[in-house]
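Here is the structure we will look at, set down as structure tokens.
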Amino acid sequence: MDAFCYDLRGLKCPLPVLKTRRKLSSMTIGALIRVETTDPLALIDIPHFCTEDGHELLETVKTETGHSFLIRKR
């Protein structure tokens, strides 16, 4: 299954989490989303969001400009 790429680069806290939550709510269970961010706080906020909302954080990767998170909707 291919991951939906969600480019949230340039957005500051709390927008990456809020937009990720909204996008995931419209996706089917088991769907994959790759979230691209530049906000340094996303490294804390996205994993916390996944834990709180019950989604599976499959991968966190440091990129040249920020981070990339691979999430499976639960």
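Position 29, counted from 1, in the sequence shown is what the UniProt record's numbering calls 29; the numbers after and before it change by one each time, with no gaps.
Cβ atoms here follow ideal geometry from the backbone N, Cα and C, with glycine treated the same way.
Taking DSSP's pairing of strands, which residues face residue i in a bridge?
| i | result |
| --- | --- |
| arginine 34 | Cys5, Leu70 |
| leucine 57 | Ile71 |
Could you tell me the distance, in whole angstroms, from the CA atom of residue i to the CA atom of residue j?
| i | j | result |
| --- | --- | --- |
| leucine 15 | histidine 67 | 15 Å |
| phenylalanine 4 | leucine 24 | 10 Å |
| lysine 73 | isoleucine 29 | 5 Å |
| histidine 48 | isoleucine 71 | 12 Å |
| glutamate 59 | methionine 27 | 19 Å |
| isoleucine 33 | glutamate 64 | 20 Å |
Could you please give the first and the last residue of the uninterrupted alpha helix (DSSP H) stretch that includes residue i?
| i | result |
| --- | --- |
| threonine 51 | 42-53 |
| threonine 20 | 15-25 |
Ends of the beta strand (DSSP E) at residue i?
| i | result |
| --- | --- |
| glutamate 64 | No beta strand (DSSP E) contains glutamate 64, which DSSP labels as neither H nor E. |
Inspect the beta-carbon positions of residue i and residue j and report whether they are closer than 8 Å.
| i | j | result |
| --- | --- | --- |
| cysteine 13 | aspartate 53 | no |
| leucine 11 | aspartate 39 | yes |
Could you tell me whether any Cβ in chain C is nearer than 8 Å to the Cβ of residue i?
| i | result |
| --- | --- |
| methionine 27 | Among the protein chains of the structure shown there is no chain C, as only one such chain exists. |
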